[in-house]
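Residues in the sequence shown are numbered consecutively from 0, following numbering that gives the first Met the number 0.
Even for Gly, the Cβ is constructed at its ideal location relative to N, Cα and C.
Note that the coordinates shown come from a computational prediction; the quantities given were computed from them, not determined experimentally.
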Amino acid sequence: MVNIFRKIAGGVSHRNRTRKYEWFVEQVALTSDARLLDVGYEGREYHSLSNSLEKLYPYPERITALGLPQDNREFRTRHPEVRIVTYDGGRFPFADKEFDAVWSNAVLEHVGNRESQVRFVSELLRVGKIAFFTTPNRYFPIEVHTLTPLLHWLPQKVFDIWVHLTGRPWADGKNIRLLSRKELESICHDAGASDMLVKKNRVGGFTMDWCVIVSRTAD
């Protein structure tokens, strides 16, 4: 039963990521010589959904992949044309507006507390002329990382006890911070976004996650 549920969830996630990319391309006017930054690539691809930008974008040689230090051998084999840059998780090692567009799929919820999330979005805005990112909806009835229904609506300490007892400490509040729509908008505002466009990705009538496009008017 669990395997069937995971298979269904995998199919939903695959369609969702494809829709994200299609909306990104539709909303962000890109030419073949546009410079793209992917923030939060995966050095090892544990499932078919990993590194969707590198797999779908027709000009991979125009992509720079930014991430924490990791084993990149598999990534280099699969995506040899993509430039890799690693950093310490703080300031992005790029000049202001170095990229025509920035892509970051399901990373914001992993960067830390609210202050860290504001700083992360601010960096997306600083290095890109326009930035696209996604993040799960806290009020979707299933926690998308653990596929646990409803328990993530409990106080954080209670949910943390649950994930530790079930052998999933990587899903506790130190590693994942889910956002409501109101919190998401507040973070983007405090990061300096002057324009914000949000698309709801719905499953079963509920918003599972958001696609967000932000930009910052030049000073």
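Same chain only: Cβ atoms within 7 Å of residue i, ignoring 5 sequence neighbours per side
{"i": "H144", "result": "A170 and I175"}
{"i": "A33", "result": "R61, D99 and A100"}
{"i": "R167", "result": "T145"}
{"i": "G88", "result": "L67"}
Buried versus exposed, by CB contacts within 10 Å (16 or more), residue i
{"i": "R215", "result": "buried"}
{"i": "I160", "result": "exposed"}
{"i": "P135", "result": "buried"}
{"i": "F205", "result": "exposed"}
{"i": "M0", "result": "With a pLDDT of 45 at M0, under the threshold of 50, the predicted position of this residue should be treated as unreliable, and no value is reported."}
{"i": "Y40", "result": "buried"}
{"i": "V84", "result": "exposed"}
{"i": "E21", "result": "exposed"}
{"i": "Q155", "result": "exposed"}
{"i": "W152", "result": "exposed"}
{"i": "K199", "result": "exposed"}
{"i": "G219", "result": "Only positions 0 to 218 of the chain appear in the structure, and residue 219 is not among them; the question remains open."}
{"i": "K19", "result": "buried"}
{"i": "N112", "result": "exposed"}
{"i": "D70", "result": "exposed"}
{"i": "E80", "result": "exposed"}
Contacts around residue i, its chain only, beta-carbon distance under 6 Å, and the 5 residues preceding and following it disregarded
{"i": "V211", "result": "F132 and V197"}
{"i": "D194", "result": "S214"}
{"i": "R125", "result": "D95"}
{"i": "F91", "result": "E122 and V126"}
Cutoff 8 Å; reference residue i; Cβ partners in own chain excluding five residues on either side
{"i": "P148", "result": "P140, I141 and E142"}
Boundaries (first-last residue) of the beta strand (DSSP E) holding residue i
{"i": "I212", "result": "F205 to S214"}
{"i": "T30", "result": "Segment: none, T30 is in no beta strand (DSSP E) and carries neither H nor E."}
Span of the alpha helix (DSSP H) around residue i
{"i": "W274", "result": "In this structure the chain extends from 0 to 218, so residue 274 is not present and cannot be described."}
{"i": "F119", "result": "R113 to V126"}
{"i": "S185", "result": "R180 to D189"}
Selection from the options that minimises the alpha carbon distance to residue i
{"i": "H188", "options": "L146, V120 and I129", "result": "V120"}
{"i": "E73", "options": "Y86, D95 and N50", "result": "N50"}
{"i": "Q26", "options": "R118, A130 and Y58", "result": "A130"}
{"i": "V24", "options": "E44, H46 and P57", "result": "P57"}
{"i": "S47", "options": "H109, R77 and V38", "result": "R77"}
{"i": "P59", "options": "L65, E44, Y45 and L35", "result": "L35"}
Residue-level contact to chain B via CB, residue i, 7 Å cutoff
{"i": "R201", "result": "Of the chains in the structure shown, none is chain B; there is only one protein chain."}
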